[in-house]
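Remarks on the structure that follows.
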Amino acid sequence: MYQAHSRRYDTMQYRRVGKSGIKLPSVSLGLWHNFGGVTLFENSREMVLGAFDLGITHFDLANNYGPPPGSAEENFGRILRNELSSYRDELIISTKSGYHMWEGPYGEWGSRKQLLASLDQSLRRMGLEYVDIFYHHRPDPDTPLEETMGALAHAVRSGKALYVGLSNYNAEQADRAIGILKDMGIHCLIHQPRYNMLDRRPEKGLYDVLEKHGVGAIPFSPLAQGVLTGRYLNGIPEDSRVAGSSVFLKRDERFDASVEKSRKLNDIAQRRGQSLAQMALAWLLRKPTTASVIIGASKLAQIQECAQAQNNLVFSKEELADIDAIALG
Ligand code: NDP
Numbered sequence: 108m109y110q111a112h113s114r115r116y117d118t119m120q121y122r123r124v125g126k127s128g129i130k131l132p133s134v135s136l137g138l139w140h141n142f143g144g145v146t147l148f149e150n151s152r153e154m155v156l157g158a159f160d161l162g163i164t165h166f167d168l169a170n171n172y173g174p175p176p177g178s179a180e181e182n183f184g185r186i187l188r189n190e191l192s193s194y195r196d197e198l199i200i201s202t203k204s205g206y207h208m209w210e211g212p213y214g215e216w217g218s219r220k221q222l223l224a225s226l227d228q229s230l231r232r233m234g235l236e237y238v239d240i241f242y243h244h245r246p247d248p249d250t251p252l253e254e255t256m257g258a259l260a261h262a263v264r265s266g267k268a269l270y271v272g273l274s275n276y277n278a279e280q281a282d283r284a285i286g287i288l289k290d291m292g293i294h295c296l297i298h299q300p301r302y303n304m305l306d307r308r309p310e311k312g313l314y315d316v317l318e319k320h321g322v323g324a325i326p327f328s329p330l331a332q333g334v335l336t337g338r339y340l341n342g343i344p345e346d347s348r349v350a351g352s353s354v355f356l357k358r359d360e361r362f363d364a365s366v367e368k369s370r371k372l373n374d375i376a377q378r379r380g381q382s383l384a385q386m387a388l389a390w391l392l393r394k395p396t397t398a399s400v401i402i403g404a405s406k407l408a409q410i411q412e413c414a415q416a417q418n419n420l421v422f423s424k425e426e427l428a429d430i431d432a433i434a435l436g
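Residues 108 to 436 in this note's numbering are what the sequence shown lists, from first letter to last.
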């Protein structure tokens with residue numbers, strides 16, 4: 108029977124999410140890849156429990172994570188039920204809806220019907236009474252924002268979600284959505300953008316909007332799906348994401364160019380006494396608006412390495428300039 112590590116809260120740093128009462132671990136674990144029905148359950152279990160032993164209290168899911176869609180929530184539910192049920196109050200569990208999940212006109216995007224039906228499905232798959240954070244996964248160009256935000260507000264009022272968040276909204280969309288929620292008496296806790304040293308879109312206004320509203324940021328793919336780690340510095344390992352069947356990371360010119368950049372970034376990381384993965388996370392965590400970063404992993408050892416990123420969050424002006432010159436070059 109699993110017993111959580113007695114010193115799990117000794118080293119992890121917990122950071123306040125915007126102007127809220129909630130703190131998140133500097134590193135959170137996402138279950139997008141390697142937790143679905145096609146992967147070895149024992150490895151997924153080891154990563155979830157090993158992460159919790161490191162003080163990682165936050166697990167990020169979505170209705171469609173798998174493959175097959177829904178299976179990451181089912182597997183996580185199994186781990187919760189079997190080993191983590193007595194720790195529920197120590198966990199922040201998030202899920203999302205908005206990408207395609209089921210057939211017909213209500214299986215994706217941002218209608219009230221889609222969000223609330225999806226949330227009920229997620230709760231059933233995970234065997235939970237409530238999630239801690241419920242996100243709208245992507246903006247919907249065709250549904251009035253008032254309807255989508257109304258569904259998030261309802262999720263909170265009905266007790267099925269403690270907090271709500273947005274994902275993939277740009278600065279202008281986020282500003283409007285957060286304002287609408289505020290008018291409904293609901294504080295948007297957090298925003299989940301794609302952000303890493305190679306993808307700077309959130310710097311074009313989004314972080315300013317979040318800061319203005321006291322909303323925290325939690326970047327996803329902070330390691331550029333593994334490119335900003337030591338994973339590809341000596342070729343392409345057979346068990347890596349790019350060598351697998353993921354449609355989200357493919358071996359192409361862009362990938363090769365990014366690996367070349369990561370080689371140079373790795374030299375800076377070494378001079379800082381960090382691994383490249385640790386520097387990539389520290390670079391995001393140096394900003395107070397970044398509440399946490401959501402990493403993915405295929406092995407527990409990767410999570411253990413990433414959890415050490417918090418040990419050096421200070422960057423000199425020269426280091427930041429060198430990183431920009433390489434990453435944006
Ligand atoms: P990352 O950028 O952290 O990439 C994760 C991959 O990097 C791992 O699978 C592993 O690759 C590699 N890796 C991680 N740590 C190390 C290490 N220490 N050394 C070497 N390689 C390492 O994040 P993801 O792209 O996986 O996304 C993370 C999470 O963000 C998701 O699980 C999900 O929760 C969330 N997300 C949200 C989205 C949204 O639209 N809101 C979209 C995408 C993600 P390998 O598998 O090759 O070993």
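Positions of the beta carbon are idealized from the N, C-alpha and C atoms, including for glycine.
This one's a predicted model, so the numbers in the text were calculated from it and none came from an experiment.
Considering only C-alpha positions, which residue in the set L191, P176 and E210 is nearest to T202?
Nearest option by C-alpha distance: P176.
Starting from Q299, follow the beta strand (DSSP E) in both directions and report where the run begins and ends.
For Q299, the uninterrupted beta strand (DSSP E) segment begins and ends at C295 to Q299.
Taking 8 Å as the cut-off, does the CB of W209 come closer than this to any heavy atom belonging to ligand 1?
No, the beta carbon of W209 sits no closer than 8 Å to any heavy atom of ligand 1.
Rounded straight-line distance, which links the Cα of I297 to that of E149
Linking E149 to I297 through their CA atoms gives a straight-line distance of about 31 Å.
Contact check, E180 vs R245, beta carbons under 9 Å
Not closer than 9 Å, so no.
Three-way DSSP call (helix, strand, coil) for T255 in this model:
helix
Which residues share a DSSP beta bridge with L273?
H243 and H298
Cβ atoms of A284 and L313: under 9 Å apart, would you say?
no
Alpha carbon to alpha carbon, what distance is there between G125 and L131?
11 Å
Beta bridge counterpart(s) of V400 as assigned by DSSP:
V134, per the DSSP bridge assignment.
Validate contact between the stretch 408-422 and the stretch 369-381 using beta carbons, cut 8 Å, 3 pairs
yes
Cβ-Cβ separation, L138 to L168 (assumed contact under 8 Å), whole Å
5 Å
Pick out whichever of Q409, T336, L230 and L259 has its Cα sitting closest to the Cα of S369.
T336
Distance between beta carbons of A404 and L136, contact taken as under 8 Å
7 Å
Nearest to I200 by alpha carbon, out of T255, G211, A268 and Y116?
A268
E310 to M108 span [Cα, whole Å]:
45 Å
Whole-Å CB distance - P329 paired with I402, under 8 Å assumed:
6 Å
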